[in-house]
Amino acid sequence: MAIPQQRVCQTSSITSPIGGWNARDSISAMPPTDAVSLVNFYPTPTFVQIRRGYTRYSTGINGQVNTLMTYSGLNDQRMFASAGFTLYKVDQPIAEPVLDIENDKFSFVNISNAGGNYMVACNGEETLIYDGANNRWVKMAGTNTPSAITSITHIGTQATVNCTTPHGLVNGNYVVMSGVDVAQYNGTFMVTVLDADSFRYTMATAPATDPTIFGSYTIIYGSFGSNPNNFIQVNLFKNRLYFVEKETLNAWYLPLDSISGELKPLYFGGIATQGGKLQAMGTWTLDAGQGADDYAVWATSMGEVIVFNGTDPNSTTDWALKGVWQFGYVFNNRCFYKFGGDLLLMSQDGLIPLTGSLQSSRLDPRVFLTDKIFYEISQQVQFNSERFGWQILYYAKPNMLIINIPDPNGTKQFVMHNISKAWSSFEGINAACWELKYDQCYFGGDGYVGQFWESGSDDGELISATCQQAYSYFDMVGQQKRFTMVRPTFFIDAGVPAYFAAINTDFNSNNYLGKVIFNPDFTSVGVWDVAIWDQSVWGGSFTPFSEWTGVQGIGYAAGVNISIISKDTEIRWVSTDYVMEKGGVV
4 MAIPQQRVCQ
14 TSSITSPIGG
24 WNARDSISAM
34 PPTDAVSLVN
44 FYPTPTFVQI
54 RRGYTRYSTG
64 INGQVNTLMT
74 YSGLNDQRMF
84 ASAGFTLYKV
94 DQPIAEPVLD
104 IENDKFSFVN
114 ISNAGGNYMV
124 ACNGEETLIY
134 DGANNRWVKM
144 AGTNTPSAIT
154 SITHIGTQAT
164 VNCTTPHGLV
174 NGNYVVMSGV
184 DVAQYNGTFM
194 VTVLDADSFR
204 YTMATAPATD
214 PTIFGSYTII
224 YGSFGSNPNN
234 FIQVNLFKNR
244 LYFVEKETLN
254 AWYLPLDSIS
264 GELKPLYFGG
274 IATQGGKLQA
284 MGTWTLDAGQ
294 GADDYAVWAT
304 SMGEVIVFNG
314 TDPNSTTDWA
324 LKGVWQFGYV
334 FNNRCFYKFG
344 GDLLLMSQDG
354 LIPLTGSLQS
364 SRLDPRVFLT
374 DKIFYEISQQ
384 VQFNSERFGW
394 QILYYAKPNM
404 LIINIPDPNG
414 TKQFVMHNIS
424 KAWSSFEGIN
434 AACWELKYDQ
444 CYFGGDGYVG
454 QFWESGSDDG
464 ELISATCQQA
474 YSYFDMVGQQ
484 KRFTMVRPTF
494 FIDAGVPAYF
504 AAINTDFNSN
514 NYLGKVIFNP
524 DFTSVGVWDV
534 AIWDQSVWGG
544 SFTPFSEWTG
554 VQGIGYAAGV
564 NISIISKDTE
574 IRWVSTDYVM
584 EKGGVV
């Protein structure tokens, strides 16, 4: 009588790595729903999807876009991009140059007052004000005291103004001419400085003669008390503009609800005991027991975080120091980001939410949002902190928090899902800056502004994604296993995914992206009234797709390695089935 052969194959199923990228824990101790590496996949609470791509939103820009700024008016938003020595308006397919600038690395903020809606921006060499109602960029003047006029002459439409004393103006300042006895000379004009005592402006039409009554001028957005060309960062706090002076421990502030006027100092040299320089100021909303209130927060390059509360820095009874906390080195002035009611700080320690950090009795790395990718973020800071391009942005539509990383081998983004707090890494998006407009996400590229997450490809190119899922012992620790098949389960909106599934055992990490073959005939979606009926793949709701793949691997622990190439197809990975044979204890 034949003895029935004992069944030796076993199956197991593991959810896709919705726990995200883990660059903190030992590779042998990670939860099986984490990932050792996760590139161009985005983990959500219920599935892991290949990231969306981008299109070129506005082109015709000369050089790398290093700042994107969105002006928010009463009923509209407008976006500007700076690259090299030019500021562009980028609300159209071909960017429009609007202003010559000294530096393309701006800090900016929107402010509204009785005069209208404005955007104020500074870069360490100039402070600019955008007047939305007049669609006009104005350079803030370092003086608000006009000089007396001794003569005005003209050549064509060019008027030259000579003054009795130095006027203190610089190129890009605006003046209002009035009282001149020839009408063409009166009005609002941008000035070009000729020397300390004279400047020039362009009239709308050429006058017939030089004036004999010279009138006077006033300076638009004039200031005094400090040089606005030295401001490297700006922040709005309780209806008042504050500026950080470059390479110092000094801050300056304007009168309430003002965009120009007297600048008064705040000196932090007696508070910041570690020295260094001020990097930035942020606004932190905190509930201290009597209701929510805003606190003014400054960060120094040496990692000191200085917190004040009050509305008027000139009042000793209203303005009070709440404390000074020590963190790691703060390496750039785009280090703060308002995140809901919290304020995030990017430092050498990672991404720190102030509410959890400053209210605890000691520093606890577990409250850092980047705790799970601590090792990788610390490596990036160590090697790339001096590079420009670090930035934080929250994109609400996909619940995505983005940290832009200026890696010399190609800019990358570390991204976190705000609900699950799961991380991944994006590559192939060479962005130097990010910005939102009407809740859409944009980035600054080389010669263009890109729109992110609204495309199934990277400007028409394939998107490649790889994942090494965390290793599992499949509840059989210490027992060797031979793995024979895996079956990933995907939900797709069209076609057949171009992917390769393999197995890595005992913590070996091989990347199989090179084995993926992309066939557009199986992944593209038919277009109505263009594609051929019964031959094209039609998009629509998500449908499941899974198939067994033969693998070879012997070991105690194993994890699936997935490589996918995608174009115009949304792919959601939900789980993976394994087939294995139990071996003996070796």
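Under the working numbering, the first residue of the sequence shown is numbered 4, with each subsequent residue one higher. Yeah, the Cβ is synthetic: ideal placement off N, Cα and C, and Gly gets one too.
| Asked | Found |
| --- | --- |
| Span of the beta strand (DSSP E) around E99 | 99–103 |
| Minimum C-alpha distance to R590 - residue among A151, T160, D103 | One cannot answer for residue 590 here, as it falls past the ends of the chain, which runs 4 to 589. |
| Proximity to Q351 [Cα-Cα], best of Q329, T373, K341, V384 | V384 |
| Proximity below 8 Å, CB of Y451 to CB of T62 | yes |
| Pair within 8 Å by beta-carbon distance, N253 and Y270 | yes |
| Residues that A505 bridges to, as DSSP identifies them | N564 |
| Neighbourhood of F246 by C-beta distance below 6 Å, restricted to the same chain and skipping five residues each side | F234, V237, W255 |
| Where P491 falls: helix, strand or coil (DSSP) | strand |
| Counted within 10 angstroms of its Cβ, other Cβ atoms place S226 as buried (16 or more) or exposed | buried |
| Contact the stretch 374–391 vs the stretch 294–309: 3+ CB pairs below 8 Å | no |
| Per-residue burial, G463 [other beta carbons within 10 Å of its own, 16 or more giving buried] | exposed |
| Residue range of the unbroken beta strand (DSSP E) whose run includes G453 | 449–458 |
| Residue from W576, A560, N335 whose Cα sits closest to the Cα of I32 | Per the sequence shown, the amino acid found at residue 32 is Ala instead of Ile. Considering only alpha carbons, the answer is A560. |
| Contact test: P547 Cβ vs the ligand HEM heavy atom, cutoff 7 Å | Among the components modelled here there is no ligand, and therefore nothing to report on the ligand HEM. |
| Closest by C-alpha distance to Q443, when choosing among G481, N407, G119, N402 | N402 |
| Expected contact under 8 Å - CB spacing of T205 and Q277 to nearest Å | Not confirmed; about 50 Å, so no contact. |
| Cβ distance (whole Å) where K591 is taken to contact V308 below 8 Å | With the chain running from 4 to 589 in the structure shown, residue 591 is simply not present. |
| contact_flag[the stretch 385–400, the stretch 37–57] where n(CB pairs < 8 Å) is 3 or more | no |
| Beta-carbon proximity of F83 to M72, cut-off 8 Å | yes |
| C-beta atoms of T70 and G453 nearer than 8 Å | no |
| Contact set for M583: own chain, Cβ-Cβ below 6 Å, skip 5 residues either direction | Q13, K484, F486 |
| Reference I565; option with closest CA among Q52, V370, N317 | Q52 |
| Continuous alpha helix (DSSP H) stretch holding I380: start and end | 377–387 |
| Three-state class that DSSP yields for L90 in the structure shown | strand |
| Environment of S360 [buried if 16+ CB atoms lie within 10 Å] | buried |
| Euclidean distance between Cα positions of V540 and P500 | With a pLDDT of 49 at V540, under the threshold of 50, the modelled position of that residue is not reliable, and the figure given next carries that caveat. Rounded to the nearest angstrom, the two C-alpha atoms are 12 Å apart. |
| Cα-Cα separation, V11 to M479 | 14 Å |
| Inter-residue spacing [alpha-carbon to alpha-carbon] between A435 and G586 | 52 Å |
| Cβ neighbours of N230 in the same chain (closer than 7 Å, five flanking residues each side left out) | G145 |
| Start-to-end residues for the beta strand (DSSP E) that takes in L197 | 195–198 |
| Distance between P491 and W551 (C-alpha atoms, nearest Å) | 8 Å |
| Cα-Cα separation, P96 to P268 | 43 Å |
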